[in-house]
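Residue numbers (the numbering used here): -9 to 341.
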Amino acid sequence: MSPRTRKAPRRTLGFTLPPALKKALLPSCLAALGLAAWSDVPIPAALRPWLALAEQHARTTPKPAPESDSSPGFTTAPLPLPAHTPEAARENVEPAPHPTLEDALALSHEHARRVDHLSRARSLKDLGDVSGALTEVRRALHDDPADTDALAMAARLARLHGQPEVALLAYARLGSLVPEDAGALIQQARLLVSQGRHAEAVRVGEEAVLRAPEDAEVYQVLGRAHLGSGELSAAILRFQQAVHLDPEHGYALNNLGFAYLRAGEDSKAAEVLAQAAQQLPHVAYVHNNLGVAWERLGKKEEARAAYATATRLSPRYVQARVNSDRMNRIAQADLGSPGLGAREVPAISAP
-9 MSPRTRKAPR RTLGFTLPPA LKKALLPSCL AALGLAAWSD VPIPAALRPW
41 LALAEQHART TPKPAPESDS SPGFTTAPLP LPAHTPEAAR ENVEPAPHPT
91 LEDALALSHE HARRVDHLSR ARSLKDLGDV SGALTEVRRA LHDDPADTDA
141 LAMAARLARL HGQPEVALLA YARLGSLVPE DAGALIQQAR LLVSQGRHAE
191 AVRVGEEAVL RAPEDAEVYQ VLGRAHLGSG ELSAAILRFQ QAVHLDPEHG
241 YALNNLGFAY LRAGEDSKAA EVLAQAAQQL PHVAYVHNNL GVAWERLGKK
291 EEARAAYATA TRLSPRYVQA RVNSDRMNRI AQADLGSPGL GAREVPAISA
341 P
């Protein structure tokens, strides 16, 4: 073969890429050059296998989240919204719940170590610091909302400190924690009556009756609730039940007599009020009510004696003084009428 016809040896680079490195670098280079997007451009046959490998690599490799770009013409696909809002996002969107009434019963606090707030409350109460004791016992309820001792103490201290709403909450929770006991409900009903919330007191009293049907005090407080609502028949029935269970219950006797006076049953009123005066000889308003019953029945001397006793027991008792002064004027005028004066009526004392 002549030298002119001999083929020159093919020049090669000084190194050869390993096959694994080719598979890793070439698809990336092709993707960087944008060849994957040139579907409408003729591709040399030698590059088509590499292009197919690059497309397969792009499909199987997870893509990072696209970042926003401010360059013109660049848009990013919106991320799909989750089917359910995550809990953390909900907390940021939903408004905070309104505090319930029971939240007013406890005082939140933080300590590096546990503190016996109930013992502190007892110590402060013994020292006469009602406000401080109430604060400590409410902190104790923050640590243990079901502490019945703390609830009972909170109710008592709140009443002493002039916070009836806190006391009502404590009694209500105590009643729910001790369903077999009617004591907390009785106290709750009493406090409701003192606030003039008679309909609520009736509801609480009825629940107390279901718990303790043999307790005279339950019927006593329920009778007061009916009396405050102007329900004389229901009040008389409840007071009668209380007296039946406890014939020596002086306050139930007085309240029954008062209800009889309101109903115009003066003879029955005088009978039970005389018994109440025997059970409560040092209670001024019982004697005043008995004086009213005697006066309505025309027994002026008995009425004057009852009014005088009420005035002596309580010199500042206005109703008793008014009734006593009227009877003295009647005695001085010596009217001799068995009834009352036309313009003056005796003032009875509410329970």
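Here a beta-carbon is modelled for each residue, glycine too, at the ideal position from N, C-alpha and C. Model, not experiment: these values are computed from the prediction.
Applying the 10 Å Cβ sphere with the 16-neighbour rule, what's the burial state of residue i?
i	result
Arg104	exposed
Glu291	exposed
His107	buried
Gln322	exposed
Asn318	exposed
Gln231	buried
Gln268	exposed
Ser184	exposed
Asp256	buried
Glu77	For Glu77, the predicted model reports a pLDDT of 41, less than 50, meaning its position is unreliable and no value from the coordinates is stated.
Arg302	exposed
Leu117	exposed
Ala189	exposed
Arg129	buried
Ser109	exposed
Glu100	exposed
Gly218	buried
Val308	exposed
Arg180	buried
Ala198	buried
Gly195	buried
Gly213	buried
Gly165	buried
Leu200	exposed
Arg80	Summary for Arg80: the model assigns pLDDT 40, below 50, so the residue's position carries little reliability; its value from the coordinates is reported in the next sentence. Arg80 comes out exposed.
Glu238	exposed
Ser61	Residue confidence for Ser61 is low, a pLDDT of 39 falling below 50, so the modelled location carries little weight; the figure read from the coordinates is stated next. Answer is exposed; the Cβ neighbour count stays below 16.
Ala260	buried
Glu207	buried
Which of the three DSSP states, helix, strand or coil, is assigned to residue i?
i	result
Asp119	coil
Ala96	coil
His132	helix
Ser257	helix
Gly288	coil
Tyr297	helix
Glu221	coil
Asp315	helix
His216	helix
Ser304	coil
Val233	helix
Leu346	In the structure displayed, the chain extends from -9 to 341; residue 346 sits before or after that span and is not available.
His239	coil
Val262	helix
Val105	coil
Cβ of residue i versus every heavy atom of the ligand NAP: is any distance shorter than 7 Å?
i	result
Glu221	In terms of ligand content, the structure shown is empty, and the ligand NAP therefore cannot be addressed.
Answer yes or no: does any C-beta atom of chain D fall closer than 8 Å to that of residue i?
i	result
Arg129	Among the chains in the structure shown there is no chain D, since it carries only a single protein chain.
Would you check if the region 163 to 175 and the region 147 to 155 touch, i.e. whether three or more CB-CB distances between them fall below 8 Å? Contact check between the region 147 to 155 and the region 163 to 175: fewer than three CB pairs, one atom from each, fall below 8 Å, which does not count as touching.
In the region 134 to 214, which residue ranges form an unbroken alpha helix (DSSP H) of at least 4 residues, counting only runs that do not cross its ends? 138 to 150, 154 to 167, 173 to 184 and 188 to 201
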